[in-house]
Every structure is written in C-alpha cells, then in structure tokens.
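Peer 1: Protein chains in written order, with my numbering: chain A, 1 to 155; chain B, 1 to 214; chain C, 1 to 714. Glycine included, each C-beta is placed from N, C-alpha and C at the ideal position. The model shown is predicted, which means the values in this text are computed figures rather than measured ones. Here it is, the structure in full.
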Amino acid sequence: MTTSFQLNGKPAAFDGDPETPLLWVLRDHLGLTGTKYGCGVAQCGACTVHLDGKNRRSCVTPVGMVAGKAVTTIEGVAGKTAEAVKAAWVAIDVPQCGFCQSGQVMSAIGLLTAKPRPSDTDIDNAMAGNICRCATYVRIRQAIKDAAGVKGARA
Amino acid sequence: MKGRGMNPRNLGFAALAVSAVALPAAVVASGQSVPPATLQPASTFASIADPGARSAAIFTEMGKVLTHPRCLNCHPRTDRPTQGDAMALHEPPVTRGNAKGEGAPGLQCSTCHGPRNVAFANGTGSIPGHPLWHLAPASMAWQGKSLREICEQLKDRTRNGGKTLAQIHEHNASDTLVGWGWNPGPGRTPAPGTQAQFGALTKAWIDSGAKCPA
Amino acid sequence: MTAVANRRAFLAGTGGLTIGLTLPLGGARAQAMSAPLQPNAFVRVGTDGLVTVIHKHVEFGQGPATGVTTIIADEMDAAWDQMRIAFAPANDPLYKNLAFGTMGVGGSSAIRESWMQMRMAGAAARAMLVEAAAKRWGVPASAVSVANGVVSSGKRKAGFGELAADAAVLPVPQNPTLKTPDKFVYIGKTFAKVDSKPKTDGSALFTQDVRLPGMVHAAVRRPPAFGATVKKVEAGAAKAIPGVIDVKPIPSGVAVYARDTWAAQRGAAALEVDWDLSKAETRSSAQMFAEYSAAARTPGRQVEASGDAAAALAAAARKIDATFYFPFLAHGPMETMDYVIAKKGEGIAVHAGSQFQVGEMRAICGVAGVPFEKSELIQHYAGGSFGRRATPVMFDGTEAAACARAYGFAAPVKVVASRENDLTGGYYRPMTVHRVQAGLDGAGSIAGWDQVIVAKSIMKGTPFEAMGIKDGVDGNMVEGANDTSQYKIGNFRLGQHLMDTKVPVLWWRSVGHTHTAFVKETVIDELLTMAGQDPVDGRLALLKHERAAGVLRKAAEISGFGKRAVKKGRALGVAVHESFDSYVAQVAEVSVGADGLPKVHKVWCAVDCGIAVNPDIIRAQMEGGIGYGLGHALYGEITLGEGGQVQETNFDKYRSLRIGEMPDVEVAIIDSQEKPTGVGEPGVPPIAPAVANAWRKLTGKAVRRLPFAHGDNS
C-alpha cells in the first residue's frame, strides 16, 4: 500500500504498512537520518518533525496519518525563523553530543512559529518534551531567546 | 515521595475506585487484556424506594466511570494531567496551554497524541489518541474531589460548560472523546461497562431527579 | 548567562568567527588520505591548504575533537577555518591513549593524556612548513614566521597548501620547539566548536544514521532478568510480522532481522521466549539494599586508616551515624548503543562510535570469527556515553557481532538497541551503600571519621581488574573517599565490602565520586553545622589542597555565599570536590518545589582544571555536568522489582532532567598554568551534595538516600 505526502516541499511516497511510524519511514526507507530515534514512545522529542507546520513526534505517527499532509524535517526546514534558530544554535555552541539537537531545533522553530516572542515559561512549556541527556538546556534557552530577539533573565 | 502522581486511594473515594484500578501493575504493563469491570444497570437500583436515594445510588454507580483513571487523568486539579492506570503525573511535563486545554504553543496535545491510539513497537503499550484530544477545563477538575462534589459540579451550568442535563446525557452517551474511555488502547484499563450502559445510567439518574450522593 | 554573553561579545569583537567546519567527515577522511604532508599520525596538510586533524578519541559531546584541533592549530599557527577533523582508525601503535597503552578514553583524560603529543604534532608540522619556505626563499628558518595560516618572510608569503609538497620531503623534526604559553593564539580563547553546525542542521553522521546497500536491521530480545538464558523460542508470531526476515538465537538473547527498525522491534516484542531463570539474579533492589546495609555495619576490608578512629569516636562529644543509599543508575545516552557490521574481504567493516576502539574491534572480530588485521573500524560521532560506551567486556559490540555472524554476514547488519534494552540492560552505576560514623570533640573539631563502602566492583572479572583492584581494594569504589588529602581529619578509617550480583555494573560519569563526594560533602556540612561553623570558612580551615580552597573561595565569592540575603524560602548549599585531577566547587540556590522536591534556581560553579584549553567547552561541561548530576540526584533510579525485573523501561519512568528543571549556571574558571586536566566528569560530583546541603538548611532534613524522588529521607 502506498502512502503519499509532501516531504520538505516535494512529493514523497512510502510503499508499505501505513502503520509504520513516520520516524522509520524517514530514516530507514527515505534516507533522511537527521530525525533521530531516542525512545520510541514520545518521551524524548529527538524525532520531532513539523506536520503541516506544527511540532509532531514522528515515532508515534503512523505514516498513514500524514497522507496528503506536509512533513518537514531538519533537512528541509527553512525560512527566516528556521535560519535564525540554527544560527543562534551555532553561535553559542549549543550541541554537545548533538544527538537530540535536530529535535530541539525543530521544537524551537515550532515554538517561535507559534509564539515569536516567548517568555521563559513559554520556552519551558514548549521544550519540556525534548530531553537532552547532556543537559545543554542553559544554551538551548539562550539560543531560543537570541533567535527571537528576547532579552532578560529568569527570576 | 515515590509515586507522587495522583493516587485514587488519596482521593477520598477509594471504595469506588478499587475495582477499576487495583490491578496488578505487571498485568497492565504487559499489555495483556484484563477482565473488564462492569457497570450495573439502572434496574439494579429499582428496589430503592426513595427516588432521591435511588438517583444518588445511580450516580454512585456512574461514579465508577467518572472516577476511573481514564476520565480523571484529563480532569486534573492543576494545569498538568496525569497518565496511566497509576495516574502518575504526565511525562513529559505538559501543561494546559490555551483556554481549550490543547497544550502549550510548541508542545500541544497534538504534538504526540494523534487522531487515534497508536501501539508502541515494544509491545507493552500505546499512546492514546482522538481527533479532539485535550484537557477538560479547569472548572471541570475532578481530581481530589468527592463524588458528591463531582456531581454538584456536573450539574452546575456555570462549571459544566453551560450544559443542560439533557446535553450531559448526550455527552456521556455519545461523545466520542468520552467514548475513548472504553477503547483506550493497549496498556490501559478501559472504563467499566460500556458507553451505552453509562449513557443509560445517566438517563436514569436524570429521570430520577439527578440527585447527588451524600 | 555571563558565559554566553562573554562569548557573544567575543564574536562581535572579531567580526564573527562563526565559520563552521562543515566538511563532512567522509570528505575529511578522503582529503586526509591524499594529503601530501603527513608529518605524523595526527596532522594532514593538503595542497588545498586544509589541515585535517586525525582525532584518536571518540567524540560524544565533551568536545575533545575541538580540543585537539585547538592545540594543533595553535602550534601550527593555522587559520581556524582551514582546520578539519577526521576520526582515527583502530590502530594502537599510532593512536593509543598514552595513559592506557591502548586506544580509548575515560576518566576525562582526552586532553590530559594528549596535550603534549598534540602540541608536538602541530609544532612538527609547523617546523616543516617553515623549513620548506626557508629553502624556497633562500632565507634562514629564523627569518620565517607563521600567523593565521600564512607563512611569510618579509614580503614573501605562502599558504600551507603551497608549501605542503615541499615540506613533505623534509625530515620530520623529533623535538620541535613548542610555543611558550604567552604565544598561544587559540588555547584559552573561545571560538566555534568544530561540530556545532553539523550537529545543529542534522547532517552530523552518527552510527544510527549509517545506511549500507542491502542492510538489514536487527533488534535483540533480551532476558527479563540478569543472568537468565533462552530455553526455547517460539518465533511464529514474530516471523508473521510483515518486514521480518529471520530470527536467530544469540548468546545475549534472540535476534530478529527485518527490513526496517520498526519491524525488527515489533518482531523482538512478538517472540515467545521460555527463559531459564535458574541462574538469574532474582533479588529486588530492596533486598539488595538490605543486604548491603547489613554489610555496612561490619568493618570490611581496610582501605586506609590514620590515627585511631574507633577510640576517637568513642570519646566524641557529638556524633553522626548515618547510612547512605545510592541506587543503580543507567547512563541513558541519547543515542542508544548501535553498530553496523558488514563483511569486507576476509574481515569486516564495523561502523561505531567506539570508546575503546582497538579493544572493542578485537572483541568484535573475535566473536565474528574474522581477523582483526583484515578488519576496519569506521568511527562516527557518538550520541553521548557518560561511561556507557566503555564496557570493559565489550558487551554491546560483541552482541552486534553475534547478530551479524548469526546472519551469516549475508548482508550488512545494523543493530540499534531499543531504549527499553538500553535502560533495562544493565551496565549501571553500582548500587552503593555507605555507613559513616563521624564525631566532634568538645572543642567542635572533627575527632574521628569511620566510613564503610559497600558495592559491586566495576572492574573485578574484567580485563581492567589488575589495573583497578590493588590488594583487594577497588579503586573506583573508594575514589574521592580514600583521599584523605581533601580534608585534614586526624583519626580516619575507610573500609570496603565487594558484593556480588549478576547485575552488570559500569563506570558512570565521575564513577566513584558520584557517591563518595555526596557522603563526604554532606557529612562535613553537617559536622560544621553541629560545630556552629560556616560551611565555607569551616571547609577552608580543613581543606588540605590550595587548589581546592581556591575554587571554594571563588564559588563563594561569585555566589555571594554568606554575604547577601537570599530570597525568602530559598537557601544556598555548597560543596567542593577534586576528581580527575580537577577541582570544582559549586553553590546551589534551592527552594522547595511545587512537587515537594528541590527546585534549583541557580548554580555558581568554580573550576580549576589547569590551563583552560577551550574555556567555553569547560563552561559547557560544567553546565552539562551540573544538569546530569542534578537530574539523577532528583529522579535517577533503576529499580529491580520482585524477581529481579527492571522497572524503569523508558524515559517516562527513568525520568531525565528537563529544561524547566535546569538551573541557571554561572561558571568561573580559575586562571592556571598547571597542565590541563579533565572537565567531562568533575562537574558532576559536587551538585548533589550542594543541593542536599541547601535542602537540609531549608527543611532540617539530612539527605541519606538518592534520588530525592525516592523519598524516605530522614
């Protein structure tokens, strides 16, 4: 069975069980490996993609659910917000091991798309689903603020 | 502090909840099916002569559903739901977000919960889903409340979303998000009985005067 | 966030050194192979002017790839944007860790062990380029200078690439002149890490991302208890899953091969396995804690003693008698253990993020039944380790080799551990119990200290046993507690019990210091309180080492410890500890959180790690070490339930620190000319006791059991 969807702005198709999680369709079948497996149960956020422009955990998204929809991965995410987030990430060297960072970056872009000038609480709430075992959280927070042009320290 | 999540035993209606939640954790965790808890039909209470007492008894039976983890988890007292049969605090730590209870910008319910349940590859559970997955409004918080308080709240149009009793019946009998409680996916105990039985009990409760238990 | 502000100011001031080193590793490898100038195993200079550093250590986030690049670029006077990085092959003669004698890294040793070697490597390359230029221009070498990748003499200038071929035919200087520290241009400065960009845009290649033609995906069903084995497998249901190709028994369980990871994982779950539990560890954590704490009440093997602790304690005016409980902890690297193994000629090609490259390759080849000499390791970025990739018994690599061999090497086999296998699979920080009896004399001075540590040895029964266990004393278990040089305590005794369990245990970020620092720093804090002394001044009076005192004074200074009013409902706690030859002190500002657990608002951290090669990496490691240590102090616990089954199967139960729980962190780096020492681990030990000491101030409760979420604290 073939599932068709938009992937990074181009048509894509997967021939196989529509229950296959989007994560594994991207990684094992379509060769887009920037989206990572970290837990498989929507706990860690390493697999975050954008589905019709909003954050979505691809590990719990059967590919059949995205039929006809637009999927954006770290490889294809673009635009002013995306570029600002990525530049901010590199400028202050956020990554350590780096494995979770695709998901962190995608979640951050999703946050700023929905809320361009987030408060610290907004950042905490939006990024709560993305685990970084290296605990780069201090810099993730700072990079999001830098990308958004938001200043100020936490209370 | 272990298991700081809401535990039904702390909620003041232990007797009601026990049948539904006192399952061996191993059984639930393994994803095996468990014998479903049942609901008694309204006719069971026909012998109660006093209409008020009968109505309250019917509501108490409804309470097996209302206070079941399937319902309570998303009727939290705070802005953070609980999850699972043990009603542990939701991980990851999500929050109510907008007025519709759809989660925070960037981490909405729909970031993880899809339009239907999705089984995990590990064979031990699933992530629940429904097209309208969201938290009940704060005015409808049930966690930590007695069954009487829940009953009063349910009838109070200032707190129940402006619903008439007829609309409450409609909601309990037909709403598909409510109905999810009986089809919660692997790794979760369904609410007792069936939605049809719950609807019938609701109707009987309303017809008998919609009285609340003491 | 002064750290970042400083860094941003620096970037602004230099016109933005934000060039990422974007050449993919494959490209860097290819460039390195064909480079004409190869003065040693670590430096390659191509005719295109690119300098490739062959990095001998695994890079899993602590920044050594940037660190060695910094050192080599500095000695070469290269331009930062001409530097590239590639990972070394498995070759001990060329790439051994000088402290270990084999390839590998651990104990925060990457920069410590290679500091001089990398400086020599860079200086040799520079000297050859200088000599080549001198010959070409007919001037003495002393008239040639190098700056920012340009070799010059008077008005004549040449890039490294133009000189590479000439330089390549010159003899390699054996003792090149090294820079004096005042000439350093990169060391001690802050600039872009070599891997930030590819790790931000998703292009960095991890083993999990390797795809080879015809590759199959394997998942392993492991036993439900440690030491259990397969009795019988019913594979029908697994094989019926679309995409599942085959099922094979292997020593560690049963392997399922499939066309994608999802089918493999579902297949593994669908196997019906009859397990032989007769030799399995069936005790629960609770039972083991009970046995350990009983043992802690007996003296155990003496590790060290001075004076007469027993007599001093008998005569003490006031005493503490406390038993401390530390659970098993999983490392939980974001990238679970994974390998891709393919047949290659008479040997195999192994893709991995290997921490012990040669030892692991030898073990993998042994299980695969192929010669090591004919096989190749292709090293990739690794998504975290925290110790997990350093299994002395090479469990994960050999499991992957068994998967590939059982498949007959019919196709490349990729083995990715599920998170469930990662968390329930053992190789934990050992469960540990301490008992401490300590007392004050009538004058409020510490009269005596008697401590017994009970745990399973990490190194016993492994190739590291001879190195790590001396006279029956396990160095990892007592490190940080045996070192009486940390505090002046006259009457001291330390004992140790080695326990046995089938639960495999392993080094976990900062190893023994994870528990010894907690006990030392909470007990000393309590004793100082009993004696009516200030936690900082009291420690300063007792600390033996000036560098420890230095970081403590610094942390106190930047946090305003004892010098400023703290917000209502908050308290400051302090701890100082030496580990891996580095000194770290931390002050934590803590309140009681809404969930009844400590809420840590900010941590001030002072670190003395000798010469600060990359100050921003040091800051990052302190931030990360604090977050890692705090997350586990709050939530981390692997629990064996009834029958020995691990209860925490994924991150919903094995809770990780999340962003909202991360404190702000301010780091001060002590200016030092000592040789550089570790930073990957030393940030971890002080945070838990600093928080516990604040917690005792806030609540009056001394913390005897971690994690905080476990409760039961006195």
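To the nearest angstrom, report how far apart glycine 593 of chain C and valine 600 of chain C are at their CA atoms.
Peer 2: Here residue 593 of chain C refers to the residue found at position 593 when the third sequence is read from its first residue. Here residue 600 of chain C refers to the residue found at position 600 when the third sequence is read from its first residue. Computed Cα separation, rounded: 8 Å.
Peer 1: Taking one C-beta from the segment 699-711 of chain C and one from the segment 627-636 of chain C each time, how about it: are there three or more such pairs within less than 8 Å?
Peer 2: In short, these stretches touch, since the Cβ pair count reaches three.
Peer 1: Could you name the residues of the same chain whose beta carbon sits closer than 7 Å to that of alanine 147 of chain C, not counting the 5 residues immediately before and after it, in chain order?
Peer 2: By one-based count along the third sequence, residue 147 of chain C stands at place 147. Closer than 7 Å at the Cβ level, and outside the excluded window around alanine 147 of chain C, lie Asp77.
Peer 1: In whole angstroms, what separates the C-alpha of isoleucine 687 of chain C from that of aspartate 525 of chain C?
Peer 2: The residue you call residue 687 of chain C lines up with position 687 of the third sequence. The residue you call residue 525 of chain C lines up with position 525 of the third sequence. So the alpha carbons of these two residues sit roughly 14 Å apart.
Peer 1: Keeping to the same chain, check which residues put their C-beta closer than 6 Å to that of cysteine 156 of chain A; ignore five residues upstream and five downstream.
Peer 2: Residue 156 of chain A falls outside the range modelled here, since chain A spans only 1 to 155, and no answer is possible.
Peer 1: Report yes or no: is there a C-beta of chain A within less than 8 Å of the C-beta of valine 43 of chain C?
Peer 2: Position 43 of the third sequence holds residue 43 of chain C. No, valine 43 of chain C does not count as interfacial toward chain A.
Peer 1: Taking 6 Å as the limit between beta carbons, can you name the residues of its chain near alanine 127 of chain C, skipping five residues before and five after?
Peer 2: The residue given as residue 127 of chain C occupies position 127 in the third sequence. The residues are Pro173, Pro176.
Peer 1: Buried or exposed: which applies to glutamine 108 of chain B, given that a residue is buried once 16 or more other Cβ atoms fall within 10 Å of its Cβ?
Peer 2: Here residue 108 of chain B is taken as the residue at index 108 of the second sequence, counted from 1. Looking at its Cβ environment, which holds 16 or more other Cβ atoms inside 10 Å, glutamine 108 of chain B is buried.
Peer 1: Please go through the same chain and pick out, in chain order, the residues whose beta-carbon is closer than 8 Å to the beta-carbon of asparagine 6 of chain C, but skip the five residues on each side of it.
Peer 2: Sequence index remark: in the third sequence, residue 6 of chain C carries index 6 (1-based). The predicted model places asparagine 6 of chain C with a pLDDT of 31, which falls under 50 and marks its position as unreliable, so this point remains unresolved.
Peer 1: Hey, isoleucine 241 of chain C and valine 220 of chain C: beta-carbon distance below 8 Å or not?
Peer 2: In the third sequence, residue 241 of chain C corresponds to position 241, counting from 1. In the third sequence, residue 220 of chain C corresponds to position 220, counting from 1. No.
Peer 1: Going by C-alpha to C-alpha distance, which of C:Gly387, C:Leu178, C:Gly624 sits closest to aspartate 422 of chain C?
Peer 2: Here residue 422 of chain C refers to the residue found at position 422 of the third sequence. The option with the nearest alpha carbon to aspartate 422 of chain C is C:Gly387.
Peer 1: With DSSP as the reference, label serine 284 of chain C as helix, strand or coil.
Peer 2: Counting from 1 along the third sequence, the entry for residue 284 of chain C is found at position 284. Of the three classes helix, strand and coil, the one that applies to serine 284 of chain C here is coil, per DSSP.
Peer 1: Out of C:Gly472, C:Thr516, C:Val473, state which residue places its alpha-carbon closest to the alpha-carbon of glutamine 486 of chain C.
Peer 2: Residue 486 of chain C sits at position 486 when you count from the first residue of the third sequence. Here the closest residue by C-alpha is C:Thr516.
Peer 1: Quick check on lysine 470 of chain C - is its C-beta less than 8 Å from some C-beta in chain A?
Peer 2: Numbered from its first residue, the third sequence carries residue 470 of chain C at position 470. No, no contact with chain A.
Peer 1: State the beta-bridge partners of arginine 301 of chain C as determined by DSSP.
Peer 2: Translated into the one-based positions of the third sequence, residue 301 of chain C becomes position 301. For arginine 301 of chain C, which the question treats as bridged, DSSP gives the partners C:Gln496.
Peer 1: Is the Cβ-Cβ distance between lysine 248 of chain C and tyrosine 427 of chain C less than 8 Å?
Peer 2: Taking the first residue of the third sequence as 1, we reach residue 248 of chain C at position 248. Taking the first residue of the third sequence as 1, we reach residue 427 of chain C at position 427. The answer is no: Cβ separation not under 8 Å.
Peer 1: Would you call the CB atoms of valine 71 of chain A and alanine 42 of chain A closer than 8 Å?
Peer 2: Taking the first residue of the first sequence as position 1, residue 71 of chain A is located at position 71. Taking the first residue of the first sequence as position 1, residue 42 of chain A is located at position 42. Result no, Cβ atoms of valine 71 of chain A and alanine 42 of chain A do not sit closer than 8 Å.
Peer 1: Check whether the segment 673-687 of chain C and the segment 620-629 of chain C are in contact - that is, three or more C-beta pairs closer than 8 Å.
Peer 2: In short, these stretches touch, since the Cβ pair count reaches three.
Peer 1: Exposed or buried, which one is proline 24 of chain C when buried takes at least 16 other CB atoms within 10 Å?
Peer 2: Start at 1 with the first residue of the third sequence, and residue 24 of chain C comes out as number 24. A caution first: proline 24 of chain C carries a pLDDT of 38, below 50, which makes its placement in the model too unreliable to give a value.
Peer 1: What residues are listed by DSSP as bridge partners for valine 679 of chain C?
Peer 2: Taking the first residue of the third sequence as 1, we reach residue 679 of chain C at position 679. Answer is none; valine 679 of chain C lacks a bridge partner.
Peer 1: Taking 8 Å as the limit between beta carbons, can you name the residues of its chain near threonine 82 of chain B, skipping five residues before and five after?
Peer 2: For the purposes of this step, residue 82 of chain B is taken as residue 82 along the second sequence, with counting starting at 1. Once the five neighbours on either side are set aside, the close Cβ partners of threonine 82 of chain B are Gly5, Met6, Pro69, Leu72, Asn73, Pro76, Ala88, Leu89, His90, Gln143.
Peer 1: Taking a contact to mean a Cβ-Cβ separation below 8 Å, would you say threonine 200 of chain C touches valine 90 of chain A in this structure?
Peer 2: As a first step, residue 200 of chain C is located in the third sequence; it is residue number 200 there, counting from the start. As a first step, residue 90 of chain A is located in the first sequence; it is residue number 90 there, counting from the start. For threonine 200 of chain C and valine 90 of chain A, yes; Cβs fall inside 8 Å.
Peer 1: Measure the C-alpha to C-alpha separation of aspartate 175 of chain B and arginine 80 of chain B and round it to an integer number of angstroms.
Peer 2: Within the second sequence, the letter at position 175 stands for residue 175 of chain B. Within the second sequence, the letter at position 80 stands for residue 80 of chain B. When rounded, the distance between both Cα atoms is 23 Å.
Peer 1: Residues bridged to arginine 156 of chain C by DSSP?
Peer 2: Along the third sequence, read from residue 1 onward, the residue named residue 156 of chain C stands at position 156. Per DSSP, C:Ser153.
Peer 1: Mind checking which residues open and close the beta strand (DSSP E) that includes arginine 84 of chain C?
Peer 2: As a position in the third sequence, residue 84 of chain C is number 84, starting the count at 1. Its beta strand (DSSP E) spans residues 83-87.
Peer 1: By Cβ distance, which residues of its chain are closer than 8 Å to serine 110 of chain B, with the 5 residues on each side in sequence left out?
Peer 2: Here residue 110 of chain B is taken as the residue at index 110 of the second sequence, counted from 1. So the qualifying residues of the chain are Glu102, Gly103, Trp133.
Peer 1: Below 6 Å CB to CB, which residues in the same chain sit around isoleucine 489 of chain C once its five sequence neighbours on both sides are set aside?
Peer 2: Stepping through the third sequence from its first residue, residue 489 of chain C is reached at position 489. These residues qualify, in order along the chain: Ile446, Trp449.
Peer 1: Let me know if glycine 154 of chain C comes out buried or exposed under the rule of 16 or more other beta-carbons within 10 Å of its beta-carbon.
Peer 2: Locating residue 154 of chain C in the third sequence gives position 154, counting from the first residue. The residue is exposed, with fewer than 16 neighbouring Cβ atoms inside 10 Å.
Peer 1: Closer than 8 Å by C-beta to glycine 596 of chain C: which residues in its own chain qualify, once you throw out the five before and the five after it? Chain order, please.
Peer 2: Numbered from 1 along the third sequence, position 596 holds the residue referred to as residue 596 of chain C. None.
Peer 1: From serine 285 of chain C to valine 53 of chain C, what does the alpha carbon distance come to, in whole angstroms?
Peer 2: Locating residue 285 of chain C in the third sequence gives position 285, counting from the first residue. Locating residue 53 of chain C in the third sequence gives position 53, counting from the first residue. One C-alpha to the other measures close to 47 Å.
Peer 1: How would you label lysine 10 of chain A, buried or exposed, when you count the other beta carbons within 10 angstroms and need 16 or more for buried?
Peer 2: Locating residue 10 of chain A in the first sequence gives position 10, where the first residue counts as 1. By the 10 Å Cβ count, lysine 10 of chain A comes out exposed.
Peer 1: Tell me the residue span of the alpha helix (DSSP H) that contains glycine 103 of chain A.
Peer 2: On the first sequence, position 103 is the one that residue 103 of chain A refers to. Taken as a continuous stretch (DSSP letters only), the alpha helix (DSSP H) holding glycine 103 of chain A covers 101-114.
Peer 1: I need the boundaries of the beta strand (DSSP E) containing isoleucine 250 of chain C, first residue and last residue.
Peer 2: Residue numbering aside, residue 250 of chain C sits at position 250 when the third sequence is read from its first letter. First-last of the beta strand (DSSP E) with isoleucine 250 of chain C: 244-250.
Peer 1: To the nearest angstrom, how far is the alpha carbon of arginine 8 of chain C from that of glutamine 142 of chain A?
Peer 2: Taking the third sequence and counting its residues from 1, the one referred to as residue 8 of chain C is at position 8. Taking the first sequence and counting its residues from 1, the one referred to as residue 142 of chain A is at position 142. Note that arginine 8 of chain C has pLDDT 31, beneath the 50 cutoff, so the model's placement of it is unreliable and the number below is only indicative. Their backbone Cα atoms lie some 11 Å apart in a straight line.
Peer 1: Note down, in chain order, every chain B residue with its Cβ under 9 Å from the Cβ of glycine 660 of chain C.
Peer 2: Within the third sequence, residue 660 of chain C is the residue found at index 660, counting from 1. Here the neighbours are Pro93.
Peer 1: Report yes or no: do three or more beta-carbon pairs, one from the segment 550-565 of chain C and one from the segment 645-660 of chain C, lie closer than 8 Å?
Peer 2: The segment 550-565 of chain C vs the segment 645-660 of chain C: no contact.
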